[in-house]
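Student: So that we are looking at the same thing, I have put the structure below in structure tokens.
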Amino acid sequence: MRIIQATLEHLDLLTPLFVKYREFYGSLPFPDSSRAFLEKRLRRKESVIYLALPDDDDSKLLGFCQLYPSFSSLSLKRVWILNDIYVAEDARRQLVADNLIRTAKKMAKETNAVRMRVSTSSNNEVAQKTYESIGFKEDTEFKNYVLPISEGL
-19 MRIIQATLEH
-9 LDLLTPLFVK
1 YREFYGSLPF
11 PDSSRAFLEK
21 RLRRKESVIY
31 LALPDDDDSK
41 LLGFCQLYPS
51 FSSLSLKRVW
61 ILNDIYVAED
71 ARRQLVADNL
81 IRTAKKMAKE
91 TNAVRMRVST
101 SSNNEVAQKT
111 YESIGFKEDT
121 EFKNYVLPIS
131 EGL
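Just so we're aligned, residue -19 is where the sequence shown starts under this note's numbering, counting upward by one.
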């Protein structure tokens, strides 16, 4: 498998799997809005998206991850938020997520980030085990809260 950084040319390949990711977490599909959302992130360079592809096939997407930049005022450094990661059902148990996260970790080091953050459902034990196996630690110092502002799509 190879991991590449997504560009606008990958939107048609990425959108269907992004829609499945959203559905996995209970969102309605909205393929057109999903594509427009991804296009904006890429066009404005507001996120970094990595794609996992088979070595010999540019038309099949095994998985993706999307990271958003943030900053830590306490450490005066960049933080990367691993906001989205999803592996196609027929590509699971092939270390796709591991390879995507390792590539993201390399990018975080290259951009002098102090850390990467990730959140997942409290019942998603597969994801939790994957994150822990790569070195993520559960945050015991800070408790996270969410303030809803508006309903999503």
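Each residue gets a CB set at the ideal place from its N, CA and C atoms; glycine is no exception.
Going by DSSP in three states, residue 128 sits in which element: helix, strand or coil?
Tutor: In this structure, residue 128 counts as coil in the three-state DSSP scheme.
Student: Leaving out the 5 sequence neighbours to the left and right, which residues in its chain are closer than 8 Å to residue -3 when beta-carbon positions are compared?
Tutor: Cβ neighbours of residue -3 beyond the five flanking positions: 41, 43, 44, 66 and 68.
Student: Helix, strand or coil for residue 42? Go by DSSP, reduced to three states.
Tutor: Reduced to three states, the DSSP call for residue 42 is coil.
Student: Are residue -12 and residue 23 close, meaning C-beta to C-beta below 8 Å?
Tutor: Closer than 8 Å, so yes.
Student: What's the C-alpha gap between residue 118 and residue 111?
Tutor: If you take the alpha carbons of residue 118 and residue 111, they lie about 9 Å apart.
Student: Can you tell me the Cβ-Cβ gap for residue 94 and residue 72, rounded? I've got them flagged as a contact below 8 Å.
Tutor: With 8 Å as the limit, residue 94 and residue 72 do not qualify as a contact, their Cβ atoms being about 31 Å apart.
Student: Measuring CB to CB, does residue 62 end up less than 8 Å from residue 84?
Tutor: Against a cut-off of 8 Å, the Cβ pair of residue 84 and residue 62 comes out as a contact.
Student: CB residue 48 to CB residue -15, shorter than 8 Å?
Tutor: Cβ atoms of residue 48 and residue -15: not closer than 8 Å.
Student: Rounded to whole angstroms, what's the CA-CA distance from residue -1 to residue 36? Just pull it up for me.
Tutor: Taking the straight line joining both Cα atoms gives about 24 Å.
Student: From residue 16 to residue 124, what does the alpha carbon distance come to, in whole angstroms?
Tutor: Approximately 29 Å, taken between the alpha carbons.
Student: Going by beta-carbon coordinates alone, are residue 78 and residue 114 separated by less than 8 Å?
Tutor: Yes, Cβ-Cβ distance for residue 78 and residue 114 is below 8 Å.
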